[in-house]
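Under my numbering, the first residue of the sequence shown carries the number -7, and numbering increases by one thereafter.
No residue lacks a Cβ here, since even glycine has one placed at the ideal position from N, Cα and C.
Keep in mind that this is a model prediction, so the values were computed, not measured.
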Amino acid sequence: MQYLLLLVPLLVGMAAIIQSGANTQLSDTLNNPFLAGLISFVVGTLCLLLINLILRPDFSALSLQNIGRSRWWIWFGGLMGAFIITSIIFIAPKIGPTQLFGLIIASQLIFSVAVDHFGWLGFEVQPINIKKVAGVLLLMSGAFLIQWGKQS
């Protein structure tokens, strides 16, 4: 089971590259990046609806009581997803997937270290240490080298 927890993120990383290419091509075909993003979300929504109907058909958790007692910001995941997908559709063809995802990964690691350290967004506090700082610096160096290599 532990191996799956390590394998799935690797597959997710590859899927993100495939998704960026597919959405960019869809945007080119439709000549409308926002419509391409919408179609991407509709297809994903239908897929998740089907999975829910098969595996967990009880939608009672969507009660107004549950919704009312939740933190207001937890509903912004879809908004963030729309921002991410649409930004990738616009940027990927201009700078390429290597530079794009190098920068995305570097920024995700920097922000995730802060989220861990301060326990933001409901995560358990995991204090920063020298190994985490070194890892982030190495990733930032990699993102810089990718950018620098493109200019040569």
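Check, Outcome
"N44: first and last residue of the uninterrupted alpha helix (DSSP H) it sits in", "25 to 47"
"S12 beta carbon less than 8 Å from that of P89", "yes"
"Per-residue burial, F93 [other beta carbons within 10 Å of its own, 16 or more giving buried]", "buried"
"Rounded Cβ spacing between T16 and I81 (contact assumed at less than 8 Å)", "6 Å"
"Residue range of the alpha helix (DSSP H) that includes S19", "-6 to 22"
"T37 classed as buried or exposed, judged by whether at least 16 other C-beta atoms fall within 10 angstroms", "exposed"
"Reference W30; option with closest CA among A106, L45, S79", "Sequence inspection shows Leu at residue 30; the Trp mentioned does not correspond to that position. Here the closest residue by C-alpha is S79."
"Contacts around A74, its chain only, beta-carbon distance under 6 Å, and the 5 residues preceding and following it disregarded", "none"
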